[in-house]
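Novice: Taken in order, these protein sequences are the chains called A and B.
Mapping of the first sequence onto numbering that gives the first Met the number 0: position 478 corresponds to residue 477, and the numbering continues sequentially without gaps.
Mapping of the second sequence onto numbering that gives the first Met the number 0: position 87 corresponds to residue 86, and the numbering continues sequentially without gaps.
For reference, the structure I am asking about is given below.
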Amino acid sequence: MRATATSMPPRLARWLLDRIVPRGPEGDTIRGDLLEEYAARRARSLAAAWCWYWLATLSILLRYRRRQSQSVGSSRQPLLAAVAQDVRYGARTLIKAPAFTAVVLITLGLGIGANTAIFSALDAVLLQPLPYPDPHRLVRLVSENPTMGISSSNVSAADFLDWQRDTRAFESLAAFSTFSTSIGASAAQGGAERIAGVFETNLFTVLGIAPAIGRDFNGGDAHPGLASAAIVSDGFWQRRFGGDPGILGKTLRPGSPTAFVGVMPRGFAFPDDVELWIPDLLNPASDPRDNRDLEAVGRLRAGVSVRQAQAELDAISQRLDTAFPASNRGWRVRVVPLTDYIVGDARRTLLLLVGAVALVMLVACANVANLFLAHAAGRQREIAVRAAIGAARGRIARQVLTESLLLSLAAGGIGILIGRAALRLLIAIAGSGIPRLEHATLDRTVLLFTLAVSIGTGLLFGLLPALHLSRAGLLQMLREGSRGAGTRSRTRQALVVAEVAIALVLLVSAGLLARSFQGLQRVDVGFDPHQLLTMRVTLGGAKYRQRGADVRYFQQAIERVTALPGVRSAAAVLSLPVGGGGFYLGRGFIRPGLSHPVEGYSAGFQIVTPGYFKTLGMPMLAGRDFDARDTTASPQVVVINRTVASRFFAGENPIGQKVLVWKDEKTPREIIGVVGDLKSNDLAAAAGAEMFVPDTQSEVDDMTLVVRTDGAPAASAAAVKAAVEGVDRTQAVYDVKTFDSIMAKALAQQRFSVMLFAAFAALALALAAVGLYGVMTHVVNARAHEMGVRLALGARPASVRGLVVNQALRLLAIGLAVGVPLSLAAARLFGKLLYGVGPSDPLTLVAVVATLAGVAWVSAWIPALRATRIDPASALRAE
Amino acid sequence: MAEPTYLGEFELLVLLSVLRIAQEDAGAASGAAIARELEEEAARRVSRGALYTTLDRLEGKGLLRWKIAAGGPERGALPRRAYTVTTRGMEAVRNSQRTLERMWRGLDQVLKS
């Protein structure tokens, strides 16, 4: 029988104890004693019991010398005994120097903690495989048309079917398109809510996941019109059906032909947060080849590389380009590993952070090596005596290394605690800016990494002093006493120079990112994002399949919202700017007389209600906004933005001209207005070409309301939501948020990297300052005699101070000379992440150098002051 | 005839603890019980490493011996050592007592002040 896990002492201490005391009943008696006492103490205070157990374990580790067992004879015994002796001796030495030990533990603990946190983020985001069988064979197929400047687009049904027919590289291909719908309230199932869904073919086959309950789709489930089958997520099943297995055969809405045939395993969600899967029938006959509205994923055949698949699809794209120039000229498809696609830009950010945190670790190691050398200086006599009475050099080096490893392992323990807290902070800062980060934990992989880093750093900072101490001449050491040896002094100064150089690299990086972030925050988005409330409605159900029903719904919603007190104006749009809608629709267009879109003739395509430009605060540069005149029956109209006007109608008045928006609508639209530019998707990208059409002439069931309020938008949220819900209680109003929060989300990834870089740079700066301070203190101590003589001979205190400060500034200057080119090279690595500031921004460089110089001066000033207080008499007497 | 064994102060305290516990309940002197006795009666904070080292040393000198006894639920059913003082151990304790008493004799006046 064992005590329950919750009443057990700390796991790590138990593990350690198991290693120290022998296995079997003899050791069990000790384990039992500690457990018994722990239980007794725990009843009084858990924390005290916890500490006590650790202390008892450590005391047994350090002080318990078991009687030699009868069965001696292992040849490894002497080595083990010697190591144990080293460990005990080392531990005692460290306990005797508590200040030194504490500083080293804090320095290394911070470094290891930061590394642990960043590595667990890296592990979760980049290294952990996706939760599907053979995830490395899963790829995403992305269309692109470099000649039209389109770097990422969906695929058309016709193209997809051609790939599926002709490819040999893929085991299976799947196409899908996401949608949202509202499910009405019902007594059994709760209130109206929005469900994210996807129309798909073959998706579960490609991913290699089958429903947990029920069956996958078969060929008979998809029909033209409404499908007869649907599969739902475990969450949906639990939430709306209480986990009732009788869900199979029930329908999505009363009277709907779509019946549930399966429930996916818990935790499965692809793509994104989808909860409803409906089979799709791809029909190239009714869907033109240039209607690229599907997303595609594929599973490579075993043994086929991404490159081979890419080569094959290139050849197919080439054939389609020749066969269908009107729709496929310049279009090709890019094969992207699915993990890369999901992780996206976060990869670069994370890798840069890994680099930064490794630099912090280097600074920490340099600092600790420095401390170790200083500490060793105090122990020189002791070591010389040990050598004199016969300790081998190897043995002395091993002793020093044992101490450094002891320290680094203890620091690793502290690092795990710091890392755990830092990781929690990291996830909070990142928000949704870094995909998959929310799954990061300190798991076995991370702990192994931390252990490896701890041992690695122990070796790194222990090796230098170990070599120094074991190599130094015996006589020389005895003669010098505690005054520093020349080579060691040089080593310590070199370490400080390295610290300054690395701190400079991190400071410059952080400075550039901060300037870039500042620039992004101030970027002109083309409208006023403050005092703006947004919420989304996705209309679902038979009622909204009637022509004009969607338009009427949004019209009524806007009327009701506008009537509320505190609301200045309201409108609706297909997808919010600044990436707030989660998608971006681009369309090619042509001017009448051309046969198909030529290079560059493409623009963002937005469907809006009248009043959208006024509500956002976009300037109307020419012509008019949409209004009641623009109906289904009236002539088709379009509003363009400044970029379209200047790029395609340079020198002409665009008002009254015609364009054909290239897709299914072949009727020309008349340009009735020109509005200012806006950032539709990416804050850092230049504003692009945009065109807007009225919802009356391009009806959609999914729009986002934008509401301009007089006061704080969040305060009106409840009233506005209630007003919109009042239009039709069966429809869910969701994603209620202020535009300020959308702006914050757009900057989340940048904010994440700025904050972390700033934290790492600050840490490196502090460590470098401590390092410099330590070295200068050492210099002052070593030269106390000389300074005492100078003061005795009448040197002014200022000149003695100058002596110290000048030496520090010389070290700083060398550090800067090394660091400046390094930081310029490093800054080039994240040129792509910077906005509005160059990688060699002089202002940042000057500010950083000034900061470093200031900190260095302070670090040197304190020991310098001490130098002037040296009492000449006692300095001379000490000699 | 064996040499008389001399005891350090801590060794003596440990042997006395074992005797005190055994007086209440023979076979109850486990490591944990000895530690408790030392802490409560001798007001000594005992590092567990030092305690087990001392117990092993006393065993090595033949002053203590132990046998394995079953442990209760309070120690997760792990076995415990039941220590007893050997004849040699009793001899050493008496020897210490005699020595101390001899040394105290005549110092009553001095120690009183």
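All residues carry an ideal CB built from backbone N, CA and C; glycine is no exception.
None of the values given here were measured: they were computed from a predicted structure.
Please go through the stretch 679 to 733 of chain A and give each complete beta strand (DSSP E) segment of 3 or more residues, from N-terminal end onward.
Specialist: The stretch 679 to 733 of chain A contains these whole beta strand (DSSP E) runs: 689 to 693, 701 to 708.
Novice: Going by alpha carbons, who is nearest to A:Val788 out of A:Asp339, A:Leu125, A:Arg876?
Specialist: Selected option, being the one with the closest Cα: A:Arg876.
Novice: By DSSP, does A:Ala226 sit in helix, in strand, or in coil?
Specialist: Three-state DSSP puts A:Ala226 in coil, outside helix and strand.
Novice: Under the three-state reduction of DSSP, which class applies to A:Met742: helix, strand or coil?
Specialist: Residue state, collapsed to three classes: helix.
Novice: Does any CB atom of chain A fall closer than 8 angstroms to the CB of B:Gly7?
Specialist: Not one chain A Cβ lies under 8 angstroms of B:Gly7.
Novice: Classify A:Ser74: buried if its beta carbon has 16 or more other beta carbons within 10 angstroms, exposed otherwise.
Specialist: Low confidence applies to A:Ser74: its pLDDT is 37, below 50, so where it sits in the model is not reliable, and the reading given next is rough at best. Under this definition A:Ser74 is an exposed residue.
Novice: So is B:Leu106 buried or exposed if we call it buried at 16+ other beta carbons inside 10 Å?
Specialist: The residue in question, B:Leu106, is exposed, as its Cβ has fewer than 16 Cβ neighbours within 10 Å.
Novice: CB B:Ala34 to CB B:Ala28, shorter than 8 angstroms?
Specialist: Not closer than 8 angstroms, so no.
Novice: So for B:Lys60, helix, strand or coil by DSSP?
Specialist: Three-state DSSP puts B:Lys60 in coil, outside helix and strand.
Novice: With a floor of 3 residues, list each beta strand (DSSP E) that falls wholly inside the stretch 124 to 193 of chain A, ordered by position along the chain.
Specialist: As far as the stretch 124 to 193 of chain A is concerned, its whole beta strand (DSSP E) runs of at least 3 residues are 137 to 144, 149 to 152, 169 to 182.
Novice: Counting only C-beta atoms, is B:Val13 closer than 8 angstroms to chain A at any point?
Specialist: B:Val13 does not count as touching chain A.
Novice: Can you list the residues of chain B that A:Asp27 reaches, using a CB-CB cut of under 7 angstroms?
Specialist: Those within 7 angstroms of A:Asp27 in chain B are Leu77, Pro78.
Novice: For B:Arg19 and A:Gly411, I'd like the C-alpha separation in whole angstroms.
Specialist: Roughly 44 angstroms separates the two Cα atoms.
Novice: Out of curiosity, what's the CA-to-CA distance linking A:Gly883 and A:Thr843?
Specialist: With chain A covering only 0 through 878, there is no way to say anything about residue 883 of chain A.
Novice: Quick one: grab the DSSP three-state call for A:Pro838.
Specialist: A:Pro838 falls in the coil class under three-state DSSP.
Novice: Once DSSP output is grouped into helix, strand and coil, what is the label at A:Asn640?
Specialist: Looking at A:Asn640 - three-state DSSP - the assignment turns out to be strand.
Novice: Which two residues bound the contiguous alpha helix (DSSP H) that contains A:Phe612?
Specialist: Its alpha helix (DSSP H) spans residues 611 to 615.
Novice: Kindly indicate if chain B contains any beta-carbon less than 8 angstroms away from that of A:Ala83.
Specialist: Output row for A:Ala83: interface = no.
Novice: Mark A:Ser679 as exposed unless 16 or more other C-beta atoms lie within 10 angstroms of its C-beta, in which case mark it buried.
Specialist: Buried.
Novice: Please decide whether B:Tyr51 counts as near chain A, where near means a Cβ-Cβ distance under 8 angstroms.
Specialist: Taking Cβ atoms only, chain A reaches closer than 8 angstroms to B:Tyr51, which makes this a yes.
Novice: Residues in its own chain within less than 8 angstroms of A:Asp271 by CB, not counting five upstream and five downstream?
Specialist: Only Thr177, Ala195 meet the Cβ criterion.
Novice: In the DSSP output, which residue or residues are listed as bridge partners for A:Thr200?
Specialist: In DSSP, A:Thr200 forms a bridge with A:Ala174.
Novice: For chain A, find out if any of its Cβ atoms is closer than 8 angstroms to the Cβ of B:Leu20; answer yes or no.
Specialist: Going by the sequence as given, residue 20 of chain B is Ile instead of Leu. Not one chain A Cβ lies under 8 angstroms of B:Ile20.
Novice: When the Cα atoms are used, what is the spatial distance from A:Val496 to A:Arg347?
Specialist: Rounded to the nearest angstrom, the two C-alpha atoms are 29 angstroms apart.
Novice: Determine which residues share a DSSP beta bridge with B:Lys65 and list them.
Specialist: Per the sequence shown, the amino acid found at residue 65 of chain B is Trp instead of Lys. Paired residues: B:Tyr82.
Novice: If you measure from the beta carbon of A:Ser44 to each beta carbon in chain B, is any gap under 8 angstroms?
Specialist: Closer than 8 angstroms: no.
Novice: From the DSSP secondary-structure annotation, give me the bridge partner or partners of A:Lys657.
Specialist: Answer is A:Glu669, bridged to A:Lys657.
Novice: Is B:Val109 buried or exposed, if buried means 16 or more other CB atoms sit within 10 Å of its CB?
Specialist: The residue is exposed, with fewer than 16 neighbouring Cβ atoms inside 10 Å.
Novice: With a threshold of 7 angstroms on Cβ separation, who are the neighbours of A:Gly853 within its own chain once the five nearest residues in sequence on each side are excluded?
Specialist: Hits under 7 angstroms: none found.
Novice: Determine, using beta-carbon pairs with one atom in the stretch 531 to 542 of chain A and one in the stretch 669 to 687 of chain A, whether at least three such pairs fall under 8 angstroms.
Specialist: No, they do not touch.
Novice: When the Cα of A:Leu337 is compared with those of A:Leu172, A:Val566, A:Asn327, A:Pro256, which residue comes out closest?
Specialist: Nearest option by C-alpha distance: A:Leu172.
Novice: CB-CB under 8 angstroms to B:Lys111, same chain, minus the five flanking residues each way: which ones, in chain order?
Specialist: For B:Lys111, where only same-chain residues beyond five positions count, there are no Cβ hits under 8 angstroms.
Novice: Where does B:Trp103 land, buried or exposed, given buried means 16+ other C-beta within 10 angstroms?
Specialist: By the 10 Å Cβ count, B:Trp103 comes out exposed.
Novice: Going by beta-carbon coordinates alone, are A:Leu61 and A:Val353 separated by less than 8 angstroms?
Specialist: No, Cβ-Cβ distance for A:Leu61 and A:Val353 is not below 8 angstroms.
Novice: Taking only beta-carbon positions, decide if B:Ser29 is within less than 8 angstroms of chain A.
Specialist: Yes, B:Ser29 lies at the interface with chain A (some Cβ there is under 8 angstroms from its Cβ).
Novice: With respect to the alpha helix (DSSP H) encompassing A:Asp292, which residues constitute its N-terminal and C-terminal limits?
Specialist: Not the alpha helix (DSSP H): A:Asp292 falls in the beta strand (DSSP E), residues 291 to 299.
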